[in-house]
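The sequence shown maps to residues -22 to -1, 1 to 313 in mature numbering (1 follows the signal peptide of the UniProt record, and there is no 0).
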Amino acid sequence: MNKWLRLGCACVGSIFLMIALAACKQEETLTKVKVAEVTHSIFYAPLYVAESKGFFKEEGLDVNVSTTWGGDKTMTSLLSNGSDIALVGSETSIYVEAQGAKDPVINFAQLTQTDGTFLVAKEDAEHFDWDQLKGKTFLGQRKGGMPQMVGEYVLNKHKIDPHKDIDLIQNIDFANIANAFASGTGEYVQLFEPQASLFEKKGIGHIVASFGEESGQVPYTTFMAKQSYLKKHEDTAVKFTKAIYKAQQWVENHSAKDITEAIKDEFDDTDPEVIETSIERYKKQDSYSPDPLLNEKEWELLQTIMDESGELPKRIPYHQLVNKKIAEKVTSEEK
């Protein structure tokens, strides 16, 4: 009896050992990819869905995401090889190209297709009108960044000169803007989710308008990499884009509640109710791109917005900084 018991235990032990070795082997064969995200936001829900649902691992990738807080820091990380892929506004690739980069930064997969900020007011306005901003203190974003340029584009659209008609504050670091407003700086502020909904819930501010709805569709946040990386690791970029596309389709076809459940661990200090409200807002205004394709019309609007803000160094042709072949390959294969 003891003999058979020992034999059985040995067999079970061997099975567990084989499983453990197989798991180790799988981990070893995963391709590591370092991603730098410009901020950590519910605005990037499809990225976190790709992680939580295992879409990256399905493609044989071990993706590590780090938050670099700001477009300049994110681009520095990419250019210095601190990251392989950056998730940041497309305008940064234009700035790098205008400086004569020998290794251009190429946009290859779009994640968001509208601005993701909301206009938050200290005082509630039953009937908001953009003219109410005139003469008020406005806590803006970093000069030359997408949030600020879109903000100026929308203000100009409503006949408000951002440098004459409002008291514009731009000397606060991106990561500290929300805290500055909560501490009493500014009568209006431009905020991403979940800060906007969180402030509304706490009574710190009131969402009165959406910059995303006002500005139209642009390649607001895209995945980009150096041209040399895409040439050397095109297969990895394709696999990465496949995982993102799966996540985009998942987000497109699931409720805000389902998406909240999938990404809530990324925001463990945020009330799930606030996460769900934020996602509902973004889904309502079609902020989440349903696929990774970045089209030329959106690229041109981006440069128009930059130009009107006085930040466009020069117009860059779409084909020069956008690799559409990867996204086209992925979307055609998945159909």
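Cβ atoms here follow ideal geometry from the backbone N, Cα and C, with glycine treated the same way.
Which residue wins for smallest C-alpha separation from residue i, given the options the options?
i, options, result
"residue 94", "12, 75, 238 and 23", "23"
"residue 241", "21, 89 and 310", "21"
"residue 71", "309, 246 and 85", "85"
"residue 257", "166, 27, 139 and 12", "27"
"residue 105", "43, 157, 92 and 186", "186"
"residue 118", "167, 133, 108 and 134", "167"
"residue 259", "190, 249 and 301", "190"
"residue 125", "160, 181, 199 and 61", "199"
"residue 196", "45, 47 and 69", "69"
"residue 306", "107, 88 and 244", "88"
"residue 61", "44, 49 and 67", "44"
"residue 107", "15, 137 and 152", "137"
"residue 192", "294, 15 and 91", "91"
"residue 79", "298, 194 and 308", "298"
Residue range of the alpha helix (DSSP H) that residue i falls in?
i, result
"residue 112", "Where residue 112 is concerned, there is no enclosing alpha helix (DSSP H), given that its DSSP letter is neither H nor E."
"residue 34", "33 to 36"
"residue 57", "49 to 57"
"residue 70", "69 to 76"
"residue 299", "296 to 299"
"residue 16", "Here residue 16 belongs to no alpha helix (DSSP H), and DSSP marks it neither H nor E."
"residue 28", "23 to 30"
If I measure Cβ to Cβ from residue i and keep anything under 6 Å in the same chain, skipping five residues before and after, which residues do I get?
i, result
"residue 282", "none"
"residue 291", "76"
"residue 74", "83"
"residue 2", "Reliability fails at residue 2, whose pLDDT of 48 lies under 50, so the model's placement of it is uncertain and the value that follows must be treated cautiously. Answer for residue 2: no residue qualifies."
"residue 296", "274 and 277"
"residue 160", "182"
"residue 63", "13, 201 and 203"
"residue 150", "158"
Can you name, in chain order, every residue of its own chain whose Cβ lies under 8 Å from the Cβ of residue i, other than the five neighbours on each side?
i, result
"residue 252", "172, 175, 176 and 179"
"residue 19", "94, 170, 171 and 172"
"residue 42", "10, 11, 12 and 13"
"residue 164", "100, 115, 116, 117, 147 and 158"
"residue 310", "none"
"residue 40", "5, 8, 9, 10, 11 and 34"
"residue 217", "9, 37, 38 and 39"
"residue 134", "140 and 286"
Which residues in the same chain as residue i place their Cβ atom closer than 7 Å to its Cβ, once the five residues preceding and following it in sequence are excluded?
i, result
"residue 188", "96 and 263"
"residue 208", "84, 86, 215 and 301"
"residue 81", "204, 205 and 206"
In the DSSP assignment, find the unbroken beta strand (DSSP E) run with residue i in it and report its ends.
i, result
"residue 303", "Careful: residue 303 lies outside any beta strand (DSSP E), inside the alpha helix (DSSP H) at 302 to 312."
"residue 89", "83 to 90"
"residue 44", "39 to 45"
"residue 99", "95 to 99"
"residue 64", "63 to 66"
Within the present structure, is the beta-carbon of residue i separated from the nearest heavy atom of the ligand ATP by less than 6 Å?
i, result
"residue 154", "Looking for the ligand ATP in the displayed structure turns up nothing, as the structure carries no ligands at all."
Checklist entry - Taking contact to mean at least 3 C-beta pairs separated by less than 8 Å, is the segment 45 to 58 in contact with the segment 236 to 246? => result no
Checklist entry - Curious, which full-length alpha helix (DSSP H) runs of at least 4 residues does the segment 231 to 286 contain? => result 234 to 241, 250 to 262 and 274 to 286
Item to check | Those runs of the alpha helix (DSSP H) which lie wholly inside the segment 126 to 214 and span at least 4 residues | outcome: 155 to 160, 173 to 180, 189 to 193 and 205 to 210
Item to check | the segment 274 to 289 contacting the segment 123 to 140, beta-carbon criterion three pairs below 8 Å | outcome: yes
Next on the checklist: Below 8 Å, how does it come out for the segment 96 to 113 and the segment 223 to 234: are there three or more Cβ pairs, yes or no?
Outcome noted: no
Checklist entry - Between the segment 210 to 230 and the segment 263 to 282, are three or more C-beta pairs nearer than 8 Å? => result yes
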